[in-house]
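Encoded as structure tokens, the structure appears first; notes follow it.
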Ligand code: F6R
């Protein structure tokens, strides 16, 4: 289901309201979270809502989609750092409530397996928030990733490294690999909200709209999800028929 609203701020207002209502209805919810530019105004709006009308958050659990391999939690471009800055610290979430893959782990296969097990032990994800890469990735499941994957390490495509260069000082600093939740874990979420804003996403949103389910366009798997909302602004919707 595609929902088009006028601006990135309208997207942030709507998505943060949906997340707020979800937490209100289920204080022990398990949230799947994304990072990236698209999420910043959403987390700011959610923090503002929770400051104006607080909800008990002690029972909330979160799992992030991904983390760069080789970046420690203290690295300013790590997703640990992003989440701490934009959501976890402002909401006062305890370290025991929040989970991200460890990009600095010694054994990535073990880390991926452990992360999958933690998601399963939490009962799976109630609500998964997703952005979309300009190449159609969700999490860091790049085009061609098999749909039957759990958390795994992946090599980032040249396109993704180019897209994310804006967050780093130079190209050599952009990590080459990441650990990402797999399509299986994302698809097992009971509710999914995919968000896209800006002209930069217009082309992939039009492709997603037109595409069948295809491993070359990872987000297209969501068409098989029973409880999906795609929430986009007018710029991201510009090339829709
Ligand atoms: C980030 C993630 C990615 C981003 C996507 C869009 O945790 O999983 O799939 O959602 O790359 O990034 P932005 O929002 O920066 O365009």
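Numbering (our numbering), first residue to last: 61 to 301.
A virtual CB, placed ideally from N, CA and C, is assigned to each residue, including glycine.
What you are looking at is a predicted structure, and each value in this text was computed from that prediction instead of being measured.
Quiz prompt | Proximity to residue 247 [Cα-Cα], best of 75, 165, 154 and 179 | solution = It is 179 whose Cα lies nearest to the Cα of residue 247.
Quiz item: Are there three or more Cβ pairs, one per stretch, closer than 8 Å when the stretch 242-259 is compared with the stretch 190-206?
Solution: Flag = yes, the stretch 242-259 and the stretch 190-206 touch.
Quiz item: Between the Cα of residue 210 and the Cα atoms of 222, 228 and 161, which residue gives the shortest distance?
Solution: The shortest C-alpha separation from residue 210 is found at 161.
Exercise. Just tell me which of 215, 182 and 105 has its CA closest to the CA of residue 151.
Key: The shortest Cα separation from residue 151 among 215, 182 and 105 belongs to 105.
Quiz item: Can you round the beta-carbon distance between residue 240 and residue 201 to whole angstroms, since I take them to be within the 8 Å contact cut?
Solution: Contact flag correct, Cβ pair sits at about 6 Å.
Exercise. For the alpha helix (DSSP H) containing residue 73, list its first residue and its last residue.
Key: 68-85 is the extent of the alpha helix (DSSP H) around residue 73.
Exercise. Would you mind sorting residue 126 into buried or exposed? The rule is 16 or more other CB atoms within 10 Å of its CB.
Key: It counts as buried.
Quiz item: Quick one: is the Cβ of residue 122 within less than 7 Å of any heavy atom of ligand 1?
Solution: Not under cutoff, so the answer is no.
Quiz prompt | Complete beta strand (DSSP E) runs within the stretch 204-244 (minimum length 3 residues, chain order) | solution = Segments of the beta strand (DSSP E) lying fully in the stretch 204-244: 212-215 and 237-240.
Quiz item: Between the stretch 159-176 and the stretch 269-279, are three or more C-beta pairs nearer than 8 Å?
Solution: Because the criterion of three Cβ pairs below 8 Å is not met, the stretch 159-176 and the stretch 269-279 do not touch.
Quiz item: So is the beta-carbon of residue 191 under 7 Å away from any non-hydrogen atom of ligand 1?
Solution: Flag set: Cβ of residue 191 near ligand 1.
Quiz item: Looking at residue 99 and ligand 1, is the gap between the Cβ and the nearest heavy atom below 7 Å?
Solution: Answer for residue 99: yes, Cβ within range of ligand 1.
Quiz item: Does the beta-carbon of residue 130 have 16 or more other beta-carbons within 10 angstroms, so that it is buried, or is it exposed?
Solution: A residue is called buried once 16 or more other Cβ atoms fall within 10 Å of its Cβ, and residue 130, having fewer, is exposed.
Quiz item: Hey, would you say the C-beta of residue 95 is under 7 Å away from at least one heavy atom of ligand 1?
Solution: Within the cutoff, so yes.
Quiz prompt | Three-state secondary structure (DSSP) of residue 126 | solution = Strand.
Quiz item: Would the C-beta of residue 148 count as close to ligand 1, meaning under 7 Å from any of its heavy atoms?
Solution: Look at residue 148: its beta carbon is at least 7 Å from all of the heavy atoms in ligand 1.
Self-check item: residue 279 vs residue 196 beta-carbon contact at 8 Å
Solution: Yes, the pair counts as a contact, with Cβ atoms nearer than the cut-off.
Quiz item: Between the stretch 223-235 and the stretch 290-300, do at least 3 Cβ pairs fall closer than 8 Å?
Solution: Too few Cβ pairs lie closer than 8 Å, so no.
Quiz item: Should the stretch 112-120 be regarded as contacting the stretch 80-100, the criterion being three or more beta carbon pairs within less than 8 Å?
Solution: Under the three-pair Cβ rule at 8 Å, the stretch 112-120 counts as touching the stretch 80-100.
Self-check item: Where the alpha helix (DSSP H) through residue 106 begins and ends
Solution: Run containing residue 106: 99-112, per the alpha helix (DSSP H) assignment.
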